[in-house]
Amino acid sequence: MPRRREPDPFALQVGVRIRQLREEQGLTMEKLAFESELGSKGHLSNLERGLARPTIHTLKVLAERLEVDVLDLLTFPDQGDRQKLVDLTRHLGRGTIRKLLKDILQDMGPLESTKEAAAPPPKKAAKRKSAPAKARKKKRSS
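Quick note on my numbering: the sequence shown kicks off at 116 and runs consecutively.
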């Protein structure tokens, strides 16, 4: 697909975010492009400037090299407290995240247990054999 003349607004947001995370790790555009299998500094430049829309695969490849989740490429901390909170969790260890999650779930209390109670348990498929199948089996064994 040809490069755009004007940046796509959402692609530009994502591109700015990619640049922030790249610079946070001290990576040059060239190093990120080649170490992420993206392979093209020019394409990365177009992504960062919003002149190209990233594919899902491109986001995955960049996230892997930047050692973040794809979610982190689509999180914009300046757009609200929830996104700021999500961004801050990038810097926490696994144990801390588990503790926070446990605390949040406890604080939610009845809300979570209500959801679980409202959901019916999965139905187990009953094993049934039709009478003719049983009869055919007996005939074969005799």
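Glycine included, every Cβ here is placed at the ideal spot set by N, Cα and C.
- Closest in alpha carbon position to residue 163, among 121, 216, 130 and 202, is 130.
- In this structure, residue 185 lies away from residue 203, with their beta-carbon atoms at least 8 Å apart.
- Following the DSSP letters along the chain, one finds residue 192 in no alpha helix (DSSP H), marked with neither H nor E.
- In the DSSP assignment, residue 129 falls within the alpha helix (DSSP H) that extends over 124 to 139.
- Comparing C-alpha distances from residue 147 to each of 210, 205, 182 and 197 shows the shortest one belongs to 182.
- In the three-state scheme derived from DSSP, where H, G and I count as helix and E and B as strand, residue 176 is classed as helix.
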